[in-house]
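Numbering (this note's numbering), first residue to last: 1182 to 1322. All residues carry an ideal CB built from backbone N, CA and C; glycine is no exception.
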């Protein structure tokens, strides 16, 4: 009996993990579509992108990147590039990184920036984009 129970629990855990992964993938796809739509709308509206920089952990300096785009958070730790890619712009930076610059890797975007952080540290992606371009509501165009 205990072997059957263990198999059932294992299968239930696998099913739960699969559902969670599917839900997260759907949220990432929605956020990716939202960012792509924002980039198109920003170009149409003439919203100028700016050079993006990476901040060192603990406020320890900054490093240039070859990226241009728009910062999504007021602390400049997340951004969308002109290609519609999402970047987390914090990293451990060495002196060499600060001198030469860095090449951050794009990440899959969340629907809530800073989710799970301290109170007041999270912001919905559509709200962050609306701050950049007032009047933009995130609905498909």
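Item                                                                                    : Value
Continuous beta strand (DSSP E) stretch holding residue 1244: start and end             : 1243 to 1252
Pick from 1235, 1315, 1214 that is closest to residue 1270, judged by C-alpha positions : 1235
CB of residue 1292 within 8 Å of CB of residue 1208, strictly                           : yes
CA-to-CA distance, residue 1304 to residue 1248, given in whole angstroms               : 23 Å
Inter-residue Cα distance where the pair is residue 1262 and residue 1318               : 19 Å
Beta-carbon proximity check, residue 1290 vs residue 1201, cutoff 8 Å                   : no
Start-to-end residues for the alpha helix (DSSP H) that takes in residue 1282           : Looking at the DSSP string, residue 1282 is not in any alpha helix (DSSP H), and its letter there is neither H nor E.
Alpha-carbon spacing of residue 1322 relative to residue 1311, whole angstroms          : Bear in mind that the predicted position of residue 1322 carries a pLDDT of just 46, short of 50, making it unreliable; the figure below should be weighed with that in mind. The alpha-carbon atoms of residue 1322 and residue 1311 are separated by roughly 15 Å.
CB-CB length for residue 1243 against residue 1279, believed under 8 Å                  : 7 Å
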